[in-house]
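Following my numbering, the numbering of the sequence shown begins with 236 at its first residue and continues without gaps. These notes are about the structure you will find just below.
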Amino acid sequence: MVIAAGASSYECNMLHFWLYVSAANVPPRSVDDALIYLQARNRNAARGISGYLHREDGYYVQYVEGPPAELDQLKNLIRRDWRHENIRVLADGSIMARKFFAWDMAFTDAETSSFRAIQALSGGETDIGRASAEEILTFMERTALSGRARSVSQLAGHSGVSSLIFAPDGHSGV
Ligand SMILES: Cc1cc2nc3c(=O)[nH]c(=O)nc-3n(C[C@H](O)[C@H](O)[C@H](O)COP(=O)(O)O)c2cc1C
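Structure (structure tokens):
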């Protein structure tokens, strides 16, 4: 396999992904919570990482994808992060193409797009802590396509972090 120099090397077929659920240790929409999004903005694009982070009912669920070495580095950081615990891997492996090509990190929470509410409509598992990888990925892909998710790349500055990230945008829960 020929790996081209520069950003295009991220688009060769050596992409890995990681999907997990964890228990949050910081309150929703707190500064500690909000800083995660700024850290993702600062690191992910530079390292060819894309993905989706959702928070609901005291859980984080995150899907990340990118070049293996960069993804491994990020996984180590995330595994050691005090802001959550009990990380349970739902799926990981190799992929040929990104699911979230256009997103450094798409993000939603229960207020912008509720997994529980959407699953209740379809009769699926409503408890995100018990949902399958397929249910969570379907939710993420649909929500990203629906325009309800925001991207960390849209975030600016470090002042007033929490209100900046979670400013009302007119989205309701579902
Ligand atoms: C649930 C969760 C998701 C995270 N997602 C990312 C991410 O996608 N990208 C990232 O760089 N850091 C993420 N972090 C933060 C990392 O664990 C780590 O604190 C951060 O990358 C360090 O950034 P810094 O070197 O800029 O301080 C996440 C943390 C938590 C708790």
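Every residue, glycine too, gets a C-beta built ideally from N, C-alpha and C. Values in this document were obtained by computation on a predicted structure and should not be read as measured data.
Please report how far the alpha carbon of residue i lies from the alpha carbon of residue j, in whole angstroms.
i    : j    : result
G283 : D362 : 31 Å
E360 : E370 : 8 Å
L250 : L325 : 17 Å
G408 : R365 : Here the model assigns G408 a pLDDT of 38, short of 50, so the residue's position is not dependable, and the following value carries that caveat. Approximately 20 Å, taken between the alpha carbons.
S206 : A304 : Limits of the chain in this structure are 236 at one end and 409 at the other, which puts residue 206 out of reach.
L380 : W317 : 31 Å
D267 : V261 : 7 Å
G301 : E291 : 25 Å
E376 : Q308 : 25 Å
S265 : V296 : 17 Å
Y255 : R323 : 5 Å
W338 : E320 : 25 Å
L306 : V299 : 8 Å
A269 : A332 : 29 Å
At which residues does the beta strand (DSSP E) containing residue i begin and terminate?
i    : result
V266 : No beta strand (DSSP E) contains V266, which is instead part of the alpha helix (DSSP H) from V266 to N279.
R290 : S285 to E291
Are there any heavy atoms of ligand 1 lying less than 7 Å away from the beta-carbon of residue i, as far as the coordinates show?
i    : result
L250 : no
A275 : yes
V256 : no
D292 : no
Y287 : no
N321 : no
V324 : no
Identify the continuous alpha helix (DSSP H) that holds residue i and give its terminal residues.
i    : result
A379 : A368 to S381
Any beta-carbon of chain D closer than 8 Å to the one on residue i?
i    : result
L325 : Reference to chain D is not applicable here, since this structure consists of a single protein chain.
List the DSSP bridge partners of residue i.
i    : result
G301 : H251
S386 : A341
V296 : V256 and H289
Uninterrupted alpha helix (DSSP H) stretches inside the region 317-359 (no shorter than 4 residues): Taking only runs of at least 4 residues, the alpha helix (DSSP H) segments lying wholly in the region 317-359 are 350-357.
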